[in-house]
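Data block below; observations after.
Number of protein chains: 2
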Amino acid sequence: MPRFELNILGCGSATPTLRHQPACQVLNVRDNLMMIDCGEGAQLMLRKMRLKFSRLNHIFISHLHGDHCFGLPGLLSTLALHEKCGSVTIHVFEDGARWIDATLKQFCHELPYEIKFNVIQKKSGIIYEDDALTVKTFPLRHRVPAVGFIFAEKPKLRHIIPGAIDRYGIPHWQINAIKAGADYVTASGETVENRLLTTDAEPAVSYAYCSDTMPSQRVVNAVKVVNWLYHEATYDDEMRHKARKRFHSTAGEAATVAKEAGVGRLILGHFSKRYLTEDVLLEQARAIFPATMLADEGLVIDLNKID
Amino acid sequence: MPRFELNILGCGSATPTLRHQPACQVLNVRDNLMMIDCGEGAQLMLRKMRLKFSRLNHIFISHLHGDHCFGLPGLLSTLALHEKCGSVTIHVFEDGARWIDATLKQFCHELPYEIKFNVIQKKSGIIYEDDALTVKTFPLRHRVPAVGFIFAEKPKLRHIIPGAIDRYGIPHWQINAIKAGADYVTASGETVENRLLTTDAEPAVSYAYCSDTMPSQRVVNAVKVVNWLYHEATYDDEMRHKARKRFHSTAGEAATVAKEAGVGRLILGHFSKRYLTEDVLLEQARAIFPATMLADEGLVIDLNKID
Numbered sequence: 000m001p002r003f004e005l006n007i008l009g010c011g012s013a014t015p016t017l018r019h020q021p022a023c024q025v026l027n028v029r030d031n032l033m034m035i036d037c038g039e040g041a042q043l044m045l046r047k048m049r050l051k052f053s054r055l056n057h058i059f060i061s062h063l064h065g066d067h068c069f070g071l072p073g074l075l076s077t078l079a080l081h082e083k084c085g086s087v088t089i090h091v092f093e094d095g096a097r098w099i100d101a102t103l104k105q106f107c108h109e110l111p112y113e114i115k116f117n118v119i120q121k122k123s124g125i126i127y128e129d130d131a132l133t134v135k136t137f138p139l140r141h142r143v144p145a146v147g148f149i150f151a152e153k154p155k156l157r158h159i160i161p162g163a164i165d166r167y168g169i170p171h172w173q174i175n176a177i178k179a180g181a182d183y184v185t186a187s188g189e190t191v192e193n194r195l196l197t198t199d200a201e202p203a204v205s206y207a208y209c210s211d212t213m214p215s216q217r218v219v220n221a222v223k224v225v226n227w228l229y230h231e232a233t234y235d236d237e238m239r240h241k242a243r244k245r246f247h248s249t250a251g252e253a254a255t256v257a258k259e260a261g262v263g264r265l266i267l268g269h270f271s272k273r274y275l276t277e278d279v280l281l282e283q284a285r286a287i288f289p290a291t292m293l294a295d296e297g298l299v300i301d302l303n304k305i306d
Numbered sequence: 000m001p002r003f004e005l006n007i008l009g010c011g012s013a014t015p016t017l018r019h020q021p022a023c024q025v026l027n028v029r030d031n032l033m034m035i036d037c038g039e040g041a042q043l044m045l046r047k048m049r050l051k052f053s054r055l056n057h058i059f060i061s062h063l064h065g066d067h068c069f070g071l072p073g074l075l076s077t078l079a080l081h082e083k084c085g086s087v088t089i090h091v092f093e094d095g096a097r098w099i100d101a102t103l104k105q106f107c108h109e110l111p112y113e114i115k116f117n118v119i120q121k122k123s124g125i126i127y128e129d130d131a132l133t134v135k136t137f138p139l140r141h142r143v144p145a146v147g148f149i150f151a152e153k154p155k156l157r158h159i160i161p162g163a164i165d166r167y168g169i170p171h172w173q174i175n176a177i178k179a180g181a182d183y184v185t186a187s188g189e190t191v192e193n194r195l196l197t198t199d200a201e202p203a204v205s206y207a208y209c210s211d212t213m214p215s216q217r218v219v220n221a222v223k224v225v226n227w228l229y230h231e232a233t234y235d236d237e238m239r240h241k242a243r244k245r246f247h248s249t250a251g252e253a254a255t256v257a258k259e260a261g262v263g264r265l266i267l268g269h270f271s272k273r274y275l276t277e278d279v280l281l282e283q284a285r286a287i288f289p290a291t292m293l294a295d296e297g298l299v300i301d302l303n304k305i306d
């Protein structure tokens, strides 16, 4: 099955601790790597998790707080030392693009690869698309402009029934069309329906990333029925007052978003440094939405496993 | 004895590895912390080494390569979250001050402490002085403007001989002058020589930091007879050609600088990522200058121990 895998490089909040790194994830989409947020130390976590620098082509930055982007200068410099080719596209708010550009001008002359900026805005819309997936933004509710991202696989190709190619004499160049759902017309003009040639494709999987945000109806609407939802749960429910003041969510609030949106599974992250373990967050969330798990540095989640 | 202690937070070179962090040291001078260079991850190493953020008041940046300053944005932000009071002075080249300023404007509004810049230049001179020590710069020889730093303790106070205060009826307010070397004049006009009142102070200790640089006669002259010399040794002697090309030093070259300058001890650092252990560097350096040691993350050196 085409690889669609989430790597957690950091799931702490503003202050890095000895337990948690600042925000960073890497989505492995068919061996192309897409980074989501890039807190300080991201390049070291890439190395620890044995993710290949050369396969990193896109970086999505949710908002301009340091714990979500201070890893960029180091990462972009190190990519140059690794003789990265081609390009890296950074999807980021305009002020962020300006800061990265100024930083590169100061520190990185003559990069061996191209850095492209895709300036994003605080609204809903498709910001990236390729053969395998689309990436959409949607507005979060935070102290500074912030967006969540939905990474949605496009419908996958159907599977050819063993023996069908030989039986109907299907030429090689028509196979992809048939995998995509087309019927086959034989040389003599006879139509063979696709259902006789193929079996169902695996379902297309979707992943939504929401960090940092207050719980919000707009978020609920945006992430409706995604298979996987990462939602920040900076605090436990007792700390609701603090969460409100800082435009963050509690574990119970994250679970309520997941429940109301009817998502498949919920991953909690962006943990406050106050917790020595996040068991209390897991417990509070599971009371509302049982299919909840905790993010953790080094965790790799096969997003294809949606049963 | 007044504390004068060197903490190694990072002694790797441009690319951080799983063994070495980028450049960062903290000098503990009588419980005031002075940071020397600030590579990415410096704040995490501070935490690992249990060095108190609140005691950090000065940061010295040797040159504007990312592996020597990309930890600044995160560190300065985290200091704000720790409700750091007072001020932090950053001693840095002008372009660096400009970059830090722009970064803070983007990411850190309303800091609870003041950031002061002391703009340094590529020349020799005293850039800082207090009751305990002076800090001098001297030019290094690198691809971009770079300076080394010498942290030199001022002469320490002499020790009062037990019983002398009572014997001569010395009033409390004169003790500091006597510790500094003054004779004592009694009420009846009799002069008591200082040598009858005090014993020798501990020697004032000096530490020189040289990273990154080619071996250079100017460096030799600048660091003459310091007690401790940290000198980069990015490569082993077989890699001399590469060292020259990149304006770095080999282990043997660092040792030759130490020998010619007549320093007390040599600490090697800024190791290339190519080494799985730095034993070869140590061996090559010791063949020329036996009093050599390797830097390592987490290492704490009591600079007072100069015997």
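Chains as they are written, first to last, in numbering that gives the first Met the number 0: chain P, 0 to 306; chain E, 0 to 306.
Even glycine gets a Cβ: it sits at the ideal position worked out from N, Cα and C.
Fair warning: this is a prediction, and the values are worked out from it, not measured in the lab.
Interface residues of chain E around Arg273 (chain P) at Cβ under 7 Å?
Those within 7 Å of Arg273 (chain P) in chain E number zero; the least Cβ separation is about 12 Å.
Within 10 Å of its beta-carbon, does Ala41 (chain E) have 16 or more other beta-carbons around it, so buried, or fewer, so exposed?
buried
Hey, Gly261 (chain E) and Lys304 (chain E): beta-carbon distance below 8 Å or not?
no
Does the beta-carbon of Arg264 (chain E) have 16 or more other beta-carbons within 10 angstroms, so that it is buried, or is it exposed?
buried
Three-state secondary structure (DSSP) of Val204 (chain P)
coil
From Ile287 (chain P) to Lys135 (chain P), what does the alpha carbon distance come to, in whole angstroms?
27 Å
Could you compute how far the alpha carbon of His57 (chain E) sits from the alpha carbon of Ile99 (chain E)?
15 Å
Cβ-based contacts, 9 Å cut-off: residues of the segment 4-27 of chain E near chain P:
Ala13, Thr14, Pro15, Thr16, Leu17, Gln20, Pro21
Three-state class that DSSP yields for Thr255 (chain E) in the structure shown:
helix
Contact between the segment 79-98 of chain P and the segment 118-128 of chain P is defined here as three or more beta-carbon pairs at a separation below 8 Å; is this criterion met?
yes
So, at 8 Å on beta carbons, what are the nonlocal neighbours of Ala203 (chain E) in its own chain, with the 5 sequence-adjacent residues on each side left out?
Ala151, Glu152, Lys153, Pro154, Lys155
List the whole-angstrom C-beta distance separating Arg142 (chain E) from Phe52 (chain E), where the pair is believed to meet the contact cut-off of C-beta under 8 Å.
The pair is not a contact, with the Cβ atoms about 32 Å apart (cut-off 8 Å).
Members of the segment 129-155 of chain E near chain P, C-beta cut-off 7 Å
none
Any contact between the segment 240-258 of chain P and the segment 207-214 of chain P? By contact I mean 3 or more CB pairs, one from each, below 8 Å.
yes
Own chain residues within Cβ distance below 7 Å of Thr14 (chain P), not counting five before or after
Lys272
Taking the beta carbon of Asp36 (chain P) as the centre, do at least 16 other beta carbons fall within 10 Å, making it buried, or is it exposed?
buried
Of the listed residues P:Leu32, P:Ala242, P:Asp66, nearest to Arg2 (chain P) (C-alpha basis)
P:Leu32
Return the bridge partner residues of Leu293 (chain E) from the DSSP annotation.
E:Leu267
Say whether chain E places a C-beta atom closer than 8 Å to the C-beta of Ala96 (chain P).
no
Using three-state DSSP, classify Tyr183 (chain P) as helix, strand or coil.
strand
With C-beta atoms as the reference, is Thr291 (chain P) less than 8 Å away from Leu298 (chain P)?
no
Could you tell me which of E:Cys209, E:Asp301, E:Thr102, E:Arg239 sits nearest to Phe59 (chain E), measuring between CA atoms?
E:Cys209
Residues near Tyr112 (chain E) by beta carbon distance below 8 Å, same chain, minus five either side
Leu78, Ala79, Lys83, Cys84, Gly85, Ser86, Val87
Boundaries of the beta strand (DSSP E) in which Trp307 (chain P) is found, first to last residue
Chain P is shown from 0 up to 306; residue 307 (chain P) falls before or after that span and cannot be answered.
Nearest-angstrom Cα distance between Glu192 (chain E) and Ile300 (chain E)?
37 Å
Proximity winner among E:Thr233, E:Arg239, E:Asp306, relative to Ala22 (chain E) (alpha-carbon distances)
E:Thr233
Please list, in chain order, the chain E residues whose beta carbon lies closer than 9 Å to that of Lys47 (chain P).
Leu17
Any chain P beta carbon closer than 8 Å to Gly73 (chain E)
yes
Reference Leu5 (chain E), options E:Ala254, E:Gln283, E:Asn226, closest by Cα:
E:Asn226
is_contact[His62 (chain E), chain P] using C-beta, thresh 8 Å
no
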